[in-house]
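Listed in order, the protein sequences are those of chains A and B.
First residue of the first sequence: 33, per my numbering; consecutive thereafter.
First residue of the second sequence: 33, per my numbering; consecutive thereafter.
Where is the CB? At the ideal position from N, CA and C, for every residue including glycine.
Here's the structure we're looking at; comments come further down.
2 protein chains.
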Amino acid sequence: MVTTDDNKTILDPFGTTIIEDYDKLYEEFGIQPFKPLLNQMPNPSMYMRRNVIFGHRDFDRVLNAMRNHQEFAVMSGIKPSGEFHLGTLMTAREVIYFQQQGAKAFYCIADVESYEDNKIPFERSEKYAAGNIADLLALGFNPKEGYIYRQFTERRVKDLAIIFGRTATLATMKAIYGERHIGLYLSALIQAGDILMPQLKDFDGPKPTVVPVGVDQDPHLRFTRDLAARFHRKYGFMLPSSTVHKIIKGLDGSPKMSKRKPMSYFTLHDRPESIAKKISNAFTGGKPTVKEQRESGGIPEICPVYELCMYHFEEDDKEIIKVYNDCRTGKLLCGEHKQKAIESVLKFVKEHQQKRKKYVDRAKEILQVE
Amino acid sequence: MVTTDDNKTILDPFGTTIIEDYDKLYEEFGIQPFKPLLNQMPNPSMYMRRNVIFGHRDFDRVLNAMRNHQEFAVMSGIKPSGEFHLGTLMTAREVIYFQQQGAKAFYCIADVESYEDNKIPFERSEKYAAGNIADLLALGFNPKEGYIYRQFTERRVKDLAIIFGRTATLATMKAIYGERHIGLYLSALIQAGDILMPQLKDFDGPKPTVVPVGVDQDPHLRFTRDLAARFHRKYGFMLPSSTVHKIIKGLDGSPKMSKRKPMSYFTLHDRPESIAKKISNAFTGGKPTVKEQRESGGIPEICPVYELCMYHFEEDDKEIIKVYNDCRTGKLLCGEHKQKAIESVLKFVKEHQQKRKKYVDRAKEILQVE
């Protein structure tokens, strides 16, 4: 909900997820607004159309490559510490979107990070990883046109970390990651290696590369762009670009989904009853009484159930705009919409789980794990 | 020169190289004196007999393996940042000694360290490395019974660094290495990997391992022993043992040979005239006049030329004891002894350079460099 100077409310179905201070992001940190690029995109994704991807760094470079049918890459990954949740679903879909638009796609199992940050032994993260990659394939990632790898077994990213290490001062690491152990800093250097590996000779050299990130991940991208500049002479690196997406609210109304709050999130592999329960117990933008809501409408801007559909589970723009309007005018009540949301989510989850089964063996084969 | 309570001088040809505070090393840091083990050694090396190796950590374990013909390993290496000097000559000879006593010998080209610490690009350290390994082979290392490798191309040591990283706190790293960049800390973790790699399954698992170190390197060994204990459950590591040697004085009388003081040291590949000049210009333990020296003798305890022979270039114990006594009694003057020393050193260096030529191709082959 955006309010103008004269206090007239501007209705914007894609203006939810309040970020405290956009101006700061745009001006101070140099993230650029994505909207001006939208009508230049040949085939914008749902996240782009709905302003979930609200910002970028140097995305123009990737856009040019897309429009001129030149080589470009997309890179993201997952920390193998559990099942696919909505955050990893988002980046996976973004990777798949760019792959379908012609990008060389790189998808990383960040097992060094899960080891250093979450103390997950490699024997265990291997198992998560196989499941995660089965999810990725079920979502539409084409492994023949993409490269899937584990950090711990990919020599190139470890070697880049060693090479980058010489310029990584303690002050920089502390500023970005706080006072952590060396392993955590090492995994940050490996992540920089992940982002720049697509530009190595082994993958046909320098090219525009887009990294879809949540706004909270931007400091890492800045760190990597700095490394790319320092090692430009040696490798010819272009600065990597990013698209920056908003962070979906927790179902319980908390600002962010989090494992520490089980009612705030679900994974694609939770039991359907559990997912349904979490959605039906969710916080909403509804009014205290039906009467009030019929009269003055709900507030989708603060509603995680609306966000759930708008971000992920309602693919039809017209339909989501209708939901927004029907909520605002009091036509659609929370109970009704929750029911609808549950149906959409469970339909997706069940189909996905079916599809995923077929990919488990292929995933193990790709990762060379048992 | 050691003085007892009643100020009677005890003559000790192998008591040179004053270490400021042995008691501190023995008591506070837990380095143990080597002497009590000497007569248990089946075939002690020159460095052991002459108290150049004056201390150890847990060497009993290695000694037992040697006496019982059980498996054990020796590990050391070189930072490929230049030619072999007397410090690297010492550790190389120690490694070769233990190899000849039956150890599995590991010799590491610390190219990650030379990159992180000295900014030497890998393309350049490769070239030094080939020369260094030719030296090692010329000195008698048997590559068929040993393993020579580069840190940057040896997956196992890099992976151990990643695994160890999780337990390496900033406080520990700063205490040992000071406030340095992450790359330097990473190379310290890789060095711990070097020391423990001989105990991995790929090399037939846990075994006593001796690391010959200069006393200034002991903190690194303590760090690695701590990691060995932490990861004992996972890998079954035994704590690595060490022999600890004294640091030879600079020829110019400074406490330590150093590249920053060209007159303090020479390499095995300097021109013979240059080596001769450095020795003849060296500081000695001589008296201001010949007369005085004839009357009251020289002081070999403070003489780097005496040390040069005692550490490295006079293999006959009787002969070096004779030099010591002849100096103390004023029979041998500095000019004479310098001449003798120059002859011994140049004989060694010339023979070594001849031998080394034959090993350059073999060295390149072992390191897989051109």
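**Request:** Name the two residues that bound the continuous beta strand (DSSP E) containing H277 (chain A).
**Result:** As a working mapping, residue 277 (chain A) is identified with position 245 in the first sequence. Its beta strand (DSSP E) spans residues 273-277.
**Simplified DSSP state of R403 (chain A), which is helix, strand or coil** = The requested residue 403 (chain A) is not part of the displayed model; chain A covers only 33 to 402.
**Prompt:** Does the count of Cβ pairs from the segment 353-363 of chain A and the segment 323-338 of chain A closer than 8 Å reach three?
**Reply:** Segments in contact, yes.
**Request:** Could you name the residues that DSSP lists as bridge partners for P244 (chain A)?
**Result:** The residue given as residue 244 (chain A) occupies position 212 in the first sequence. Looking at the DSSP assignment, P244 (chain A) forms a beta bridge with A:T275.
**Separation of V106 (chain B) from E305 (chain B), as counted between CA atoms** = Here the question's residue 305 (chain B) lines up with position 273 in the second sequence. Here the question's residue 106 (chain B) lines up with position 74 in the second sequence. Each residue's Cα considered, the two are about 36 Å apart.
**Item:** Classification of G317 (chain A) by the beta-carbon crowding that lies within 10 angstroms, buried from 16 upward
**Value:** Indexing the first sequence from 1 puts residue 317 (chain A) at position 285. Looking at its Cβ environment, which holds 16 or more other Cβ atoms inside 10 Å, G317 (chain A) is buried.
**Request:** Compare the C-beta of K190 (chain A) against all C-beta atoms of chain B and say whether one is closer than 8 Å.
**Result:** One-based indexing of the first sequence puts residue 190 (chain A) at position 158. For K190 (chain A), the answer is yes, since a Cβ of chain B falls inside 8 Å of its Cβ.
**Message:** Taking a contact to mean a Cβ-Cβ separation below 8 Å, would you say D284 (chain A) touches A261 (chain A) in this structure?
**Reply:** Locating residue 284 (chain A) in the first sequence gives position 252, counting from the first residue. Locating residue 261 (chain A) in the first sequence gives position 229, counting from the first residue. Not closer than 8 Å, so no.
**Asked** Quick one: is N164 (chain A) buried, meaning 16 or more other Cβ sit within 10 Å of its Cβ, or exposed?
**Response** Stepping through the first sequence from its first residue, residue 164 (chain A) is reached at position 132. Note on N164 (chain A): 16 or more other CB atoms within 10 angstroms of its CB, so buried under the neighbour-count rule.
**Request:** For H213 (chain A), decide whether its Cβ has a neighbour in chain B, counting only Cβ atoms nearer than 8 Å.
**Result:** Within the first sequence, residue 213 (chain A) is the residue found at index 181, counting from 1. By this cut-off, H213 (chain A) is an interface position.
**Asked** Between B:V189, B:K310, B:N357, which lies nearest to A373 (chain B) when the distance is taken from Cα to Cα?
**Response** Start at 1 with the first residue of the second sequence, and residue 373 (chain B) comes out as number 341. Of the candidates B:V189, B:K310, B:N357, the one whose C-alpha sits nearest the C-alpha of A373 (chain B) is B:K310.
**Message:** Are the CB atoms of I63 (chain B) and R81 (chain B) within a distance shorter than 8 Å?
**Reply:** For the purposes of this step, residue 81 (chain B) is taken as the residue at position 49 of the second sequence. For the purposes of this step, residue 63 (chain B) is taken as the residue at position 31 of the second sequence. No. Outside cutoff.
**Contiguous beta strand (DSSP E) assignments of at least 3 residues, all confined to the segment 117-161 of chain B** = 136-141
**Cβ contact (3+ pairs, closer than 8 Å) linking the segment 238-248 of chain B and the segment 119-132 of chain B** = yes
**Message:** Quick check on the DSSP output: the beta strand (DSSP E) that includes M295 (chain A) runs from which residue to which?
**Reply:** Stepping through the first sequence from its first residue, residue 295 (chain A) is reached at position 263. Segment: none, M295 (chain A) is in no beta strand (DSSP E) and carries neither H nor E.
**Short CB-CB distance (under 8 Å) between F315 (chain B) and chain A** = To locate residue 315 (chain B), count along the second sequence from 1; it is residue 283. Not an interface residue.
**Message:** On the CB-based measure, 16 or more other CB atoms within 10 Å of its CB, does K151 (chain A) come out buried or exposed?
**Reply:** If you number the first sequence from 1, residue 151 (chain A) lands on position 119. Classification for K151 (chain A): exposed.
**Prompt:** Looking only at DSSP bridge pairs, what is M342 (chain A) linked to?
**Reply:** In the first sequence, residue 342 (chain A) corresponds to position 310, counting from 1. According to DSSP, M342 (chain A) bridges with nothing at all.
**Message:** For H88 (chain B), list the residues DSSP reports as bridge partners.
**Reply:** Reading the second sequence from its first residue, position 56 is the one you call residue 88 (chain B). DSSP, once it has assigned bridges, lists B:Q64, B:T275 as partnering H88 (chain B).
**Request:** Buried or exposed for H369 (chain B), please, with buried defined as at least 16 other CB atoms from any protein chain shown within 10 angstroms of its CB.
**Result:** Start at 1 with the first residue of the second sequence, and residue 369 (chain B) comes out as number 337. Note on H369 (chain B): 16 or more other CB atoms within 10 angstroms of its CB, so buried under the neighbour-count rule.
**Message:** Quick check for students: name the residue ranges of the beta strand (DSSP E) that lie wholly in the segment 192-246 of chain B, counting only runs of 3 or more.
**Reply:** 241-246
**Item:** Cα-Cα separation, I222 (chain A) to Y267 (chain A)
**Value:** Here residue 222 (chain A) refers to the residue found at position 190 when the first sequence is read from its first residue. Here residue 267 (chain A) refers to the residue found at position 235 when the first sequence is read from its first residue. Distance between the alpha carbons of I222 (chain A) and Y267 (chain A): 16 Å.
**is_contact[T201 (chain A), chain B] using C-beta, thresh 8 Å** = Position 169 of the first sequence, counted from the start, is the residue given in the question as residue 201 (chain A). Yes, because at least one Cβ of chain B sits closer than 8 Å to the Cβ of T201 (chain A).
**Item:** Distance between beta carbons of E115 (chain B) and H384 (chain B), contact taken as under 8 Å
**Value:** As a working mapping, residue 384 (chain B) is identified with position 352 in the second sequence. As a working mapping, residue 115 (chain B) is identified with position 83 in the second sequence. Actually they are not in contact, since the Cβ atoms of H384 (chain B) and E115 (chain B) sit about 11 Å apart, beyond 8 Å.
**Message:** For a cutoff of 8 Å on Cβ pairs, would you count Q400 (chain A) as touching chain B?
**Reply:** As a first step, residue 400 (chain A) is located in the first sequence; it is residue number 368 there, counting from the start. Output row for Q400 (chain A): interface = no.
**Message:** Between the alpha carbons of I280 (chain B) and M289 (chain B), how many angstroms are there, rounded?
**Reply:** Start at 1 with the first residue of the second sequence, and residue 280 (chain B) comes out as number 248. Start at 1 with the first residue of the second sequence, and residue 289 (chain B) comes out as number 257. Using only the alpha carbons, I get a separation of about 7 Å.
**Request:** Output yes if chain B places a C-beta closer than 8 Å to the C-beta of L232 (chain A); else output no.
**Result:** Counting from 1 along the first sequence, the entry for residue 232 (chain A) is found at position 200. False, the Cβ-Cβ gap to chain B never drops below 8 Å.
**Request:** Name, please, each residue of chain A whose Cβ falls closer than 9 Å to the Cβ of K151 (chain B).
**Result:** The residue labelled residue 151 (chain B) in the question sits at position 119 within the second sequence. Residues of chain A passing the Cβ test: R198.
**Prompt:** Excluding sequence positions up to five away, which residues of its chain have a Cβ less than 7 Å from the Cβ of H344 (chain A)?
**Reply:** For the purposes of this step, residue 344 (chain A) is taken as residue 312 along the first sequence, with counting starting at 1. Same-chain partners within the cutoff: L118, L121.
**Prompt:** Who does V355 (chain B) pair with in a DSSP beta bridge?
**Reply:** Translated into positions along the second sequence, residue 355 (chain B) becomes position 323. V355 (chain B) is not bridged to any residue.
**Asked** CB A161 (chain A) to CB V401 (chain A), shorter than 8 Å?
**Response** In the first sequence, the residue the question calls residue 161 (chain A) occupies position 129. In the first sequence, the residue the question calls residue 401 (chain A) occupies position 369. Yes, Cβ-Cβ distance for A161 (chain A) and V401 (chain A) is below 8 Å.
**Prompt:** Do you know how far the Cα of P272 (chain B) is from the Cα of K239 (chain B)?
**Reply:** Taking the second sequence and counting its residues from 1, the one referred to as residue 239 (chain B) is at position 207. Taking the second sequence and counting its residues from 1, the one referred to as residue 272 (chain B) is at position 240. Going by the C-alpha atoms only, they are around 9 Å apart.
**Message:** Give me the chain A residues within the contact set of L221 (chain B), using Cβ-Cβ distance strictly less than 7 Å, ordered along the chain.
**Reply:** Counted from its first residue, the second sequence places residue 221 (chain B) at position 189. Simply I214.
**Request:** Please compile the residues from chain A whose C-beta is within a distance smaller than 9 Å of the C-beta of Y147 (chain B).
**Result:** Reading the second sequence from its first residue, position 115 is the one you call residue 147 (chain B). In chain order: I194, I195, G197, R198.
**Prompt:** DSSP three-state call for V401 (chain A): helix, strand or coil?
**Reply:** Taking the first sequence and counting its residues from 1, one reaches residue 401 (chain A) at position 369. In this structure, V401 (chain A) counts as coil in the three-state DSSP scheme.
**Item:** Contacting positions in the segment 117-147 of chain B - beta carbon closer than 7 Å to chain A
**Value:** V144, Y147
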